[in-house]
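Here the structure is laid out as C-alpha cells; the discussion comes afterwards.
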C-alpha cells in the first residue's frame, strides 16, 4: 500500500515551532541551540506550499548553525546540518543532489556519537529506494532496520515506533512473515508514549491478516482503524484505503451488500481528493460486486456513470479489468453485439502480450463463456483448454473451480455425459469445500462484529453514567447554595430532595440493570437465531446439490437406455426431482428459509418444463396466480402435482404438434382456502378414463399428494382437461421434512 511516513521534520507543528523560538531566544551557543536551529529550519522546509520565503527562512537558520559550528567543530552538528540541507534540496526537486547529501551526512555522523541523528539520516536515505523494485526494497528494508536499532540506542521512542511501522509495511509488501510481530511491536512502542494516531498501524495489521485469510483478526484491526480515524477527525485519503480493505474483506466472504456500503464510502473519499487511480479501482470493484448480486444493469450503470477522466488510466491490466466487467455484464443481459466487441478487445490484449498470469487465464475463460453462449462449442473448447493451461502455471484455485464448471457445461452440451459427470463431481467437491471455508470465515467476522458492538455499547453506557453523575453534582451544588439563603426551610427541602433523588437513582440503576440483562439475552437469542438460519440454509443447499446429482445421474443413465418406456420414466423422474430441487434452491437463495413464493416458483417450474419438452411457441401458458407464501411441507406436494399435470398436458393434450393453451391459476376462494386449477384446450381424456382409478402413476401420485395437503382432487374433460386441487393454507410453519433425510 505503502504508508506515507515522510521525513521526521514534517512532524513539527506551528505550536511546536513557536515553543522552539521561545527556547531559542533563551539558549546559549552550544549543541542544544544548534538542534533548535536545525529543527526550525526543517519546520520551514516542510511547510505546505513550497514558498521561496520559507526556504529563505530555513537557509537563515542553517547559516547560523554553520557559524556556530566553526567554534564547536562538532561532527554530529555538521552531519545533521548536511542532512537538513538535503531536505531543502529534495523539496526544491534536486533529488540526486539531495541523496548524495544524505550519504555524506551518514559518513560524517558515523564518526560521531549521536545515534539519533544517524538514525534519522538512515531513515531519510531509505526513502530514495523504490519498494516496487525487488532489489531496491531489500536495501530500503536494511536502512530502516538500522534506523530502528539506532533509535533504540538513542532512546527515541517516537521515531523508533514510526520506523517499526514503516518496516512492517515493507515486510507486508515483500510478503515477509515478520510483518505482524513487527507491527505489534510498533503498536506497543506507540502505546508506551501515549500516541493516539494509531490508524496507520491498524490498517497495516488488518491488511496483513487479510493476506493470510484470517478475516476475524483482519476485521478487528480494520474496524479499529476506522473508529480511530473517526474519533480523531481524520478525513484524509487513508479513509478511502480503510473502506476499500473492508469492502474487499466482505467481498471475499460473499457479504456483498455490506461490501458495497464500505466500497461506496471509499469511493466518496477518493472523489473528494480526486484520486483517479483509487476512483478507477473502486468503481470496477463496485461494478463487479453488482455482478455477484446478479444485477448486471446496475453494473453497466456504475461503469458508465463514472466521469470520463476516471474511467481508465491506460495500463493493460486496468483495460483487462474494465473490459472484463463490461463483457460479463453484457453477456448476462444477452447483449450479443456488445459482448462480442469486448471479447475482441480482451483477445487483442493477449496478442499484444502486455498482460500475463491470472489476467490471461480470466480472458480465455471470458472467451469460452462467449462462444458457449453463441453455441460455438468447438471454439469454446479451444479457449477453455487455453484457460486451463494458463491457470495450471499459476495455481489459481478460483480459476480452476470456474474451469471445472465450464468443462461440465461444455461436455453436457456436446453429449459427452461421462466426462460431464466426472467434472460435475469435481466441481461440487471444490465448491462444497470453498463454501465450508467461507462459512467458517463468516462466523469469524460475525464474532468480531458482535464483540465490537458489545464494546461500543459498553462505552456508551459508561459515558451516560458519567453524564448523570455530572448532572447530579450540579444539582447538589445548587441545593447547597439555596441552603445558605433559607436555612430551616431549605434544610428540610434539601433532605427531602436528596431522599427523592436517591430513590430515583436507585430506581434508575435497577431499571438500567434490567435493561442490560434484557439486551444481553436478546443479543444471545439473535446470535442463536442467526446460527440456526445459517444451518438451515446449509441444509437446503446440500439437499439441492444432492437432488441435482440425482438428476445428473438420471441424465447419464438415460444416455445408455434405448427402451422408450424406461427412458420416459427416467425423464419423468428427472422432472419430479427438479420440482423438489427448485424449492430448495429458492429457500437457499432467499432470506426466508421456511416459505416459498408460489408465484415465482410456478413460473420457474413452467419455464423449466417448457424448455425440457422443447415446445417453443407452440404451447402458450397463461397465469392467474394470487400472491401466496407456502410452507415447504405444502409447497413440495403442490409442486409435484403441478409437475405431473403440466407434463401430462404437454405430452398428451396436443397430438401432432398442434398449438394449444395451458392455463394455470391459483386463487383464494375463502378464508385460507385456495384452488389450484390446471386447464388445457387439448383433446381431453378418453371416455373410459376414470382419473384416480385409472392405474396411471401420475394420476395416483396427484391424488395421493392432494390427500397429503388435506385437499380434494378432481378432474374434468370438457372438451379439454381440467384438474382442480382445493386445499387449506396451513399458516403454521412445520418442521421441514428434509430434517428426516440423511445427507451423507
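Residue numbers (this note's numbering): 1170 to 1913.
Quick reminder that beta carbons are idealized off the backbone N, C-alpha and C, glycines included.
* To do: Count the other CB atoms, across all protein chains shown, that sit within 10 Å of the CB of residue 1325; report buried if there are 16 or more and exposed otherwise.
  => buried
* Nearest neighbour of residue 1877, chosen from 1827, 1291 and 1898 [CA to CA] -> 1898
* Assuming residue 1336 contacts residue 1317 (C-beta within less than 8 Å), just tell me the rounded distance between them. => 6 Å
* To do: Could you check the C-alpha separation between residue 1579 and residue 1586 for me, to the nearest Å?
  => 10 Å
* **residue 1667 in three-state terms, based on DSSP** => helix
* Would you give the residue range spanned by the beta strand (DSSP E) that residue 1829 belongs to? => 1829-1839
* Asked: Got a sec: is the Cβ-Cβ distance from residue 1248 to anything in chain B below 8 Å?
  -> Absent from the structure: chain B. Only one protein chain is present.
* Using the rule of at least 16 other Cβ atoms within 10 Å of the residue's Cβ for burial, across every protein chain shown, is residue 1669 buried or exposed? -> exposed
* Taking all protein chains shown into account, decide if residue 1229 is buried (16 or more other Cβ within 10 angstroms of its Cβ) or exposed. => exposed
* Taking all protein chains shown into account, decide if residue 1438 is buried (16 or more other Cβ within 10 angstroms of its Cβ) or exposed. => buried
* Separation of residue 1205 from residue 1189, as counted between CA atoms -> 6 Å
* So is residue 1816 buried or exposed if we call it buried at 16+ other beta carbons inside 10 Å? -> buried
* Look up residue 1499 in the DSSP assignment and give the residues it is bridged to. => DSSP output for residue 1499 lists no bridge partner at all.
* Measure from the alpha carbon of residue 1830 to the alpha carbon of each residue in 1842, 1273, 1785 and 1666, then state which is nearest. => 1785
* To do: Determine which residues share a DSSP beta bridge with residue 1883 and list them.
  => 1893
* Could you check the C-alpha separation between residue 1909 and residue 1486 for me, to the nearest Å? => Unreliable placement is indicated for residue 1909, whose pLDDT of 35 sits below 50; no coordinate value is reported for it.
* Quickly, what does DSSP pair residue 1842 with across the bridge? List them, please. => 1839 and 1897
* So, using beta-carbon positions, are residue 1300 and residue 1308 closer together than 8 Å? -> no
* To do: Indicate whether residue 1828 and residue 1890 have their beta-carbon atoms separated by less than 8 Å.
  => no
* Asked: Going by Cα to Cα distance, which pick from 1677, 1234, 1556 and 1273 is closest to residue 1252?
  -> 1273
* Asked: Would you report the Cα separation of residue 1634 and residue 1672, rounded to the nearest angstrom?
  -> Bear in mind that the predicted position of residue 1634 carries a pLDDT of just 43, short of 50, making it unreliable; the figure below should be weighed with that in mind. Taking the straight line from one Cα to the other gives about 16 Å.
* Asked: For residue 1765, which beta-bridge partners are listed by DSSP?
  -> 1799
* To do: Using DSSP bridges, identify the partner residues of residue 1790.
  => 1831
* For residue 1515, collect the residues of the same chain with a Cβ closer than 8 Å to its Cβ; drop the 5 residues on either side in sequence, then sort them by chain order. => 1489, 1492, 1493, 1496, 1532, 1535 and 1536
* Asked: Going by alpha carbons, who is nearest to residue 1345 out of 1303, 1369 and 1384?
  -> 1303
* Whole alpha helix (DSSP H) elements within the stretch 1224-1285, 4-residue minimum -> 1244-1260 and 1264-1278
* **residue 1734 versus residue 1430 - alpha carbon distance** => 56 Å
* To do: Classify residue 1622 as helix, strand or coil using the three-state DSSP reduction.
  => Because the pLDDT of residue 1622 is 49, which lies under 50, any placement of that residue in the model is unreliable, and the number read from its coordinates should be weighed accordingly. Looking at residue 1622 - three-state DSSP - the assignment turns out to be helix.
* Asked: For residue 1284, is the classification buried or exposed, using 16 other Cβ atoms within 10 angstroms of its Cβ as the cut-off for buried?
  -> buried
* To do: Give me whichever residues DSSP pairs with residue 1489 in a beta bridge.
  => Paired residue(s): none; residue 1489 is not in a bridge.
* For residue 1848, the residue or residues it bridges with in DSSP -> 1832 and 1891
* Output yes or no for whether 8 Å exceeds the beta carbon distance between residue 1255 and residue 1271. => yes
* Can you tell me the Cβ-Cβ gap for residue 1169 and residue 1413, rounded? I've got them flagged as a contact below 8 Å. => Since the first and last residues shown for the chain are 1170 and 1913, residue 1169 lies out of range.
* Asked: In angstroms, rounded to a whole number, what distance separates the CA positions of residue 1612 and residue 1383?
  -> Below a pLDDT of 50, predicted positions are generally treated as unreliable, and residue 1612, at 46, falls in that range; the measurement from the model is reported next regardless. Between residue 1612 and residue 1383, the C-alpha separation is close to 12 Å.
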